[in-house]
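2 protein chains.
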Amino acid sequence: MLKTRIEMEKAAMILKLLGDQTRLTMVKILDVHDCCVCEFVEIFKASQPSISQHLRKLRDVGLVQEERRGQWIFYSINKDHEYYPFVQQILEPLPSQDQKLKELEEKGTRINCC
Amino acid sequence: MLKTRIEMEKAAMILKLLGDQTRLTMVKILDVHDCCVCEFVEIFKASQPSISQHLRKLRDVGLVQEERRGQWIFYSINKDHEYYPFVQQILEPLPSQDQKLKELEEKGTRINCC
DNA sequence: TGTATATATAAGTACTTAATTATATAATAA
DNA sequence: TTATTATATAATTAAGTACTTATATATACA
Numbered sequence: 002m003l004k005t006r007i008e009m010e011k012a013a014m015i016l017k018l019l020g021d022q023t024r025l026t027m028v029k030i031l032d033v034h035d036c037c038v039c040e041f042v043e044i045f046k047a048s049q050p051s052i053s054q055h056l057r058k059l060r061d062v063g064l065v066q067e068e069r070r071g072q073w074i075f076y077s078i079n080k081d082h083e084y085y086p087f088v089q090q091i092l093e094p095l096p097s098q099d100q101k102l103k104e105l106e107e108k109g110t111r112i113n114c115c
Numbered sequence: 002m003l004k005t006r007i008e009m010e011k012a013a014m015i016l017k018l019l020g021d022q023t024r025l026t027m028v029k030i031l032d033v034h035d036c037c038v039c040e041f042v043e044i045f046k047a048s049q050p051s052i053s054q055h056l057r058k059l060r061d062v063g064l065v066q067e068e069r070r071g072q073w074i075f076y077s078i079n080k081d082h083e084y085y086p087f088v089q090q091i092l093e094p095l096p097s098q099d100q101k102l103k104e105l106e107e108k109g110t111r112i113n114c115c
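Protein sequences appear in the order of chains A and B. Following my numbering, the numbering of the first sequence begins with 2 at its first residue and continues without gaps. Following my numbering, the numbering of the second sequence begins with 2 at its first residue and continues without gaps.
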């Protein structure tokens with residue numbers, strides 16, 4: 002059971018941010034595995050700028066963070082975010098998206114630097 | 002703990018719908034009390050068409066239902082909706098909006114027909 | 001019956017969003 | 001060093017959203 006109380010305005014902002022299938026799926030994936038931009042490009046079959054712009058929105062509110070690893074930039078979920086418990090509760094009933102990463106591994110396009 | 006599994010696409014649709022402060026607050030209120038349109042107009046200090054249009058979006062996905070009572074049309078939450086458990090889980094950590102209805106009662110503008 | 005009240009809906013408009021295209025930057029490989 | 005790869009960002013455009021204004025409908029009341 003979630004304890005943190007949340008402001009309506011901020012809750013609406015978080016819900017709006019997650020109210021997009023691409024971003025919702027990204028966050029669901031990032032909650033389990035770090036991922037780099039090019040993996041998302043392949044998973045969503047979307048353009049690189051489009052993916053970067055979705056990640057930027059998530060990063061702008063601090064829900065995810067970036068970290069360069071060699072030539073790649075990996076994104077990870079920010080478990081210290083004030084509203085991470087709220088987000089996690091929203092993600093919980095959603096179906097696992099692990100299959101999407103498994104497909105990359107099978108195709109050999111999963112990035113595993115470091 | 003929520004058991005129902007939910008499709009990503011529909012989840013994103015619900016989150017988008019709730020990702021608006023007016024609609025989120027409406028649903029939070031309706032989860033506890035039925036309300037008529039004119040009460041919402043007063044609570045949100047918004048125009049009547051604006052309120053009607055938000056209610057229509059909620060009604061279009063079946064999350065709320067309308068019922069005429071005399072000259073008023075009351076809205077209530079649809080607890081039988083497939084995703085009501087998901088919605089309820091999202092509402093749970095949000096602050097009670099009871100105060101907004103209390104203020105109407107104090108001003109004598111709360112509708113209590115029937 | 002006519003008037004007022006409550007609501008819905010249509011049309012128009014301003015704003016926002018999500019994509020594309022074009023370009024810049026940083027790291028790596030040759 | 002130059003070319004390639006990975007990424008970000010700016011500018012543009014198309015689509016979607018949330019208001020407003022105007023109007024229609026249904027009920028209640030005089």
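Beta carbons: idealized from backbone N, C-alpha and C, even for Gly.
> If V65 (chain A) and L18 (chain A) are in contact, beta carbons under 8 Å, what's the gap, nearest whole angstrom?
Replying inline: Going by Cβ atoms, the distance from V65 (chain A) to L18 (chain A) rounds to 11 Å, so no, they are not a contact pair.
> Do Q98 (chain B) and V33 (chain B) have their C-beta atoms within less than 9 Å of each other?
Replying inline: yes
>> When you compare the CB of Q44 (chain A) with every CB in chain B, is at least one pair closer than 9 Å?
In response: Here residue 44 (chain A) is Ile; the residue named in the question, Gln, does not match the sequence. No, its Cβ sits nowhere closer than 9 Å to a Cβ of chain B.
>> So, with DSSP's three-state summary, where would you put I15 (chain A)?
In response: helix
>> I'd like to know whether the C-beta of G63 (chain A) is nearer than 9 Å to at least one C-beta of chain B.
In response: no
>> Among A:G71, A:M27 and A:I91, whose alpha-carbon lies nearest the alpha-carbon of H55 (chain A)?
In response: A:M27
> By Cβ distance below 6 Å, which residues in the same chain neighbour E49 (chain B) in space, the five residues on each side in sequence not counted?
Replying inline: The residue asked about is misnamed: residue 49 (chain B) is Gln in this sequence, not Glu. For Q49 (chain B), where only same-chain residues beyond five positions count, the Cβ hits under 6 Å are V42.
>> Considering Cα atoms alone, identify which of A:L31, A:M9 and A:A12 is closest to L102 (chain A).
In response: A:L31
> Alpha carbon to alpha carbon, what distance is there between S53 (chain A) and A47 (chain A)?
Replying inline: 10 Å
> Distance, Cα to Cα, M14 (chain A) vs T23 (chain B)?
Replying inline: 12 Å
> Given I91 (chain A), which residues of its chain have a CB within under 7 Å of its CB, disregarding the five upstream and five downstream residues?
Replying inline: L19
> When DSSP labels each residue in this structure, what does V38 (chain A) get in the three-state scheme?
Replying inline: helix
> To which residues of the same chain is F1 (chain B) closer than 7 Å at the C-beta, ignoring the five residues directly before and after it?
Replying inline: Residue 1 (chain B) lies beyond the stretch modelled for chain B, which goes from 2 to 115, so this question has no answer here.
> In the stretch 19-93 of chain B, which residue ranges form an unbroken beta strand (DSSP E) of at least 3 residues, counting only runs that do not cross its ends?
Replying inline: 65-70 and 73-78
> So with Cβ pairs under 9 Å, would you call D81 (chain B) a contact of chain A?
Replying inline: no
> What do you get for K108 (chain A), buried or exposed, if any count of 16 or more other CB atoms within 10 angstroms of its CB means buried?
Replying inline: exposed
>> Please report the straight-line C-alpha distance between G71 (chain B) and I112 (chain B), rounded to a whole angstrom.
In response: 11 Å
>> Let's test the definition: count the other Cβ atoms within 10 Å of the Cβ of E8 (chain B) and tell me whether it reaches 16, buried, or not, exposed.
In response: exposed
>> Rounding to the nearest angstrom, what Cα-Cα distance links E67 (chain B) and L25 (chain A) in this structure?
In response: 30 Å
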